[in-house]
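A.B. asks: Handing you this structure, nothing more for now.
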Amino acid sequence: MNPDKLSLFLGCIIPNRYPGIEKATKLCLDKLEIDWIDLPNASCCPAPGVFRSFDRSTWLAIAGRNISISEELERDILTICNGCYGSLADANNKLKNSEKLKEETNQHLKQINKELRGTIKIRHIIEYLYREFGPEDINERVEYPLNFNVALHYGCHLIKPSGERNLGNVERPEFFDELIESTGASSLDYPDKMECCGAGGGVRSALHDKALDITNHKLSQIKNRGVDCIVNACPFCHMQLDSGQAELGEKFGIDYEIPVLHYTQLLGLAFGYTPAELGINLNYVKNQTFLDKLEETITEQ
Amino acid sequence: MPESDLSEELKKTGVDILKCMQCGVCSGSCPSGRQMSLNIRKIIKKAYTNDKNILTDKDLWMCTTCYTCQERCPRGIKIVDGIYKIRTVAVREGTMLSEHRKVSHLLLETGHAVPINEETKQKREQLGLDSLPETVSKHPKALDDVKIILKSCKFDELVSKKE
Chain D
1 MNPDKLSLFL GCIIPNRYPG IEKATKLCLD KLEIDWIDLP NASCCPAPGV FRSFDRSTWL
61 AIAGRNISIS EELERDILTI CNGCYGSLAD ANNKLKNSEK LKEETNQHLK QINKELRGTI
121 KIRHIIEYLY REFGPEDINE RVEYPLNFNV ALHYGCHLIK PSGERNLGNV ERPEFFDELI
181 ESTGASSLDY PDKMECCGAG GGVRSALHDK ALDITNHKLS QIKNRGVDCI VNACPFCHMQ
241 LDSGQAELGE KFGIDYEIPV LHYTQLLGLA FGYTPAELGI NLNYVKNQTF LDKLEETITE
301 Q
Chain E
1 MPESDLSEEL KKTGVDILKC MQCGVCSGSC PSGRQMSLNI RKIIKKAYTN DKNILTDKDL
61 WMCTTCYTCQ ERCPRGIKIV DGIYKIRTVA VREGTMLSEH RKVSHLLLET GHAVPINEET
121 KQKREQLGLD SLPETVSKHP KALDDVKIIL KSCKFDELVS KKE
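The listed protein sequences correspond, in order, to chains D and E.
Under this note's numbering, the first residue of the first sequence carries the number 1, and numbering increases by one thereafter.
Under this note's numbering, the first residue of the second sequence carries the number 1, and numbering increases by one thereafter.
Structural data, given as structure tokens:
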């Protein structure tokens with residue numbers, strides 16, 4: 001399969017809650033001259049924390065349907081969400097490696113005239129940009145180098161389980177930090193950098209306040225480090241860290257006011273798009289200091 | 001409640017919990033363990049002693065599936081895969097948190113765990129995107145296909161069970 005031909009898998013939270021990330025991604029993909037289309041007719045990946053926890057056959061069949069649509073188009077799937085990546089990549093690997101599971105899944109898919117053949121790969125935009133372009137190449141394409149101090153949140157399912165992902169060290173990874181720095185920004189280390197945002201595993205949906213306790217801990221560590229923004233590559237982490245700040249404000253009067261950006265929104269800024277074009281203004285957290293710093297950076301260049 | 005041998009069920013999915021030496025690296029690494037009552041070491045212990053109480057224990061649903069325990073386990077036990085498996089047994093035997101039942105019904109009705117709403121449609125238009133994305137939200141025939149698959153998997157029956 002040609003890694004240059006991709007279908008963009010949107011998932012649920014990006015198109016249905018944070019469309020700014022969808023817009024930013026599409027602007028960046030065009031800027032990088034990547035051959036992409038929207039994956040038509042896709043559904044939920046399905047969300048691994050909940051549906052994989054409930055029933056394996058359903059998880060594999062719904063994932064199998066999404067994958068089979070992209071197989072028909074002869075395009076690898078590009079995900080922009082750690083959850084979609086984890087769910088589709090794990091399902092794809094299981095289906096490719098087990099004739100039994102593949103046959104069971106295809107029994108369900110047959111009813112809608114689809115078949116999973118096992119011919120494509122599932123990609124995540126961060127590992128895709130790192131492996132197919134690399135930080136130096138990205139850096140050369142940047143038009144407005146940013147001078148932000150960034151707290152990077154990798155998110156769990158981008159890199160784990162490591163046996164499936166093959167992206168190196170999960171305790172102290174660096175590849176995503178390199179992509180942050182390719183925009184001109186600095187990626188600052190902070191305690192518990194690799195810790196979960198709290199949302200995964202169905203915890204946000206069923207035990208909302210418990211998830212928020214984990215988020216609060218993470219945000220407090222980031223706040224202490226003194227950064228301009230948080231950058232992630234997963235809308236579920238994005239939502240937890242962004243709307244989580246609003247909830248912590250309402251419940252406990254804690255105002256972190258740390259802007260949260262998906263990596264494609266950061267890269268979009270470095271390509272010269274405005275915060276409004278990238279939907280950064282549609283976040284819960286509004287922070288004028290961040291926008292002023294951006295304005296200064298752009299004006300100086 | 002139907003009988004199921006948890007350690008055997010787990011072994012079938014490649015999770016050999018009998019290798020566990022109860023060292024506690026898993027619970028020491030657990031972000032949920034810091035904030036909640038979840039003790040992943042105890043869950044594993046209960047599973048290998050076939051203690052069925054874990055199927056109805058709320059702690060089972062406090063795992064965010066962050067995989068830190070699994071990555072660090074000195075015995076290489078696929079702990080999170082084990083959690084997934086124990087959860088599917090719990091759901092099969094009728095235990096499901098009410099919010100999880102709700103999100104399952106959203107999938108059954110809309111094909112999405114988080115469906116589109118009016119506020120987001122407006123945001124999409126503001127960004128110059130089509131008000132509906134190119135997903136099942138826009139294509140009813142594709143949504144029908146998703147519903148056919150969910151029915152074929154008997155997902156509707158599974159999540160309609162009463163606790």
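Positions of the beta carbon are idealized from the N, C-alpha and C atoms, including for glycine.
Keep in mind that this is a model prediction, so the values were computed, not measured.
What are the start and end residues of the beta strand (DSSP E) that includes D:W36?
C.D. replies: Here the beta strand (DSSP E) through D:W36 covers D35 to D38.
A.B. asks: Please state if the CB of D:K193 and the CB of E:Q168 are separated by a distance shorter than 8 Å.
C.D. replies: An answer regarding residue 168 of chain E cannot be provided, because it is not within the stretch 1 to 163 covered by chain E.
A.B. asks: If we cut at 8 Å on Cβ distances, does E:V89 have a partner in chain D?
C.D. replies: No, because no Cβ of chain D sits closer than 8 Å to the Cβ of E:V89.
A.B. asks: Strictly below 7 Å CB to CB, what residues from chain E border D:K58?
C.D. replies: The residue you asked about is not Lys; residue 58 of chain D is Thr in the sequence shown. Simply L150, C153 and F155.
A.B. asks: Between which two residues does the alpha helix (DSSP H) containing D:T289 stretch?
C.D. replies: Residues Q288 to E300.
A.B. asks: Across which residues does DSSP place D:D76 in a beta bridge pair?
C.D. replies: Looking at the DSSP assignment, D:D76 forms a beta bridge with D:L6.
A.B. asks: Starting from E:A90, follow the alpha helix (DSSP H) in both directions and report where the run begins and ends.
C.D. replies: Per DSSP, E:A90 belongs to the alpha helix (DSSP H) from I79 to R92.
A.B. asks: Just the Cα atoms here: how many angstroms apart are E:L55 and E:I86?
C.D. replies: If I take the Cα positions, the gap works out to 7 Å.
A.B. asks: Taking just the CA atoms, how far does E:N50 sit from E:K42?
C.D. replies: For E:K42 and E:N50, the distance between alpha carbons rounds to 12 Å.
A.B. asks: Could you tell me whether the stretch 249-256 of chain D touches the stretch 171-188 of chain D, using the rule of 3 or more Cβ pairs below 8 Å?
C.D. replies: No: the two stretches stay apart, fewer than three of their Cβ pairs being nearer than 8 Å.
A.B. asks: Determine, for E:V103, whether the minimum Cβ-Cβ distance to residues of chain D falls below 8 Å.
C.D. replies: So yes, E:V103 belongs to the interface.
A.B. asks: Could you check how far apart the C-beta atoms of E:Y67 and D:R52 are, in whole angstroms? I think they sit under 8 Å.
C.D. replies: Not confirmed; about 13 Å, so no contact.
A.B. asks: Against chain E, with Cβ distances strictly below 8 Å, would D:E195 count as a contact?
C.D. replies: Chain E contact via Cβ: present.
A.B. asks: Which residues in chain D have a C-beta closer than 8 Å to the C-beta of E:L6? List them in chain order.
C.D. replies: Under the 8 Å cutoff, chain D gives no residues; its nearest Cβ is about 16 Å from E:L6.
A.B. asks: Do E:R181 and E:V159 have their C-beta atoms within less than 8 Å of each other?
C.D. replies: This structure cannot speak to residue 181 of chain E, because chain E is shown only from 1 to 163.
A.B. asks: Please report the residue range of the beta strand (DSSP E) in which D:L261 lies.
C.D. replies: V260 to H262 is the extent of the beta strand (DSSP E) around D:L261.
A.B. asks: Is the stretch 23-43 of chain D touching the stretch 267-279 of chain D, taking contact as three or more C-beta pairs under 8 Å?
C.D. replies: The answer is yes - the stretch 267-279 of chain D touches the stretch 23-43 of chain D, with three or more Cβ pairs under 8 Å.
A.B. asks: Taking beta-carbon pairs under 8 Å, can you tell me which members of the stretch 43-77 of chain D lie near chain E?
C.D. replies: Going along the stretch 43-77 of chain D in chain order, one finds S43, C44, P46, A47, P48, G49, V50, F51, R52, S53, F54, D55, R56, S57, T58, A61, I62 and R65 with a Cβ nearer than 8 Å to chain E.
A.B. asks: Quick one: give me the first and last residue of the alpha helix (DSSP H) that E:A47 is part of.
C.D. replies: Start and end: I40 to Y48.
A.B. asks: Go ahead and pull the three-state DSSP assignment for D:N151.
C.D. replies: One point to set straight first is that residue 151 of chain D is Ala, not Asn, in the sequence displayed. Correct three-state label for D:A151: strand.
A.B. asks: Once you ignore the five residues that flank D:S243 on each side, which residues in its own chain have a CB closer than 7 Å to its CB?
C.D. replies: Correct list, in chain order: Y284.
A.B. asks: Near E:S137, which residues of its chain fall below 6 Å by C-beta distance, leaving aside the five closest residues on each side in sequence?
C.D. replies: Same-chain partners within the cutoff: I116.
A.B. asks: Does the beta-carbon of D:M1 have 16 or more other beta-carbons within 10 angstroms, so that it is buried, or is it exposed?
C.D. replies: Its pLDDT being 49, under 50, D:M1 is placed unreliably by the model, and nothing is read from it.
A.B. asks: Whose C-beta lies closer than 7 Å to the C-beta of E:K123 among residues of the same chain, with five residues either side of it excluded?
C.D. replies: None.
A.B. asks: On the premise that E:C63 lies in contact with E:S29, defined as a C-beta separation below 8 Å, what is that separation, rounded to the nearest angstrom?
C.D. replies: About 12 Å separates the two Cβ atoms, so there is no contact after all.
A.B. asks: Which runs of the beta strand (DSSP E) fall wholly inside the stretch 211-266 of chain D and span at least 3 residues, in chain order?
C.D. replies: Counting whole runs of 3 or more residues, the stretch 211-266 of chain D contains the beta strand (DSSP E) stretches 229-232 and 260-262.
A.B. asks: Return the residue from the list D:T215, D:C237, D:P259 and D:A246 that minimises the CA-CA distance to D:V227.
C.D. replies: The candidate whose alpha carbon is nearest that of D:V227 is D:P259.
A.B. asks: Note the first and the last residue of the continuous alpha helix (DSSP H) segment covering E:R124.
C.D. replies: From DSSP, the alpha helix (DSSP H) with E:R124 extends over E118 to Q126.
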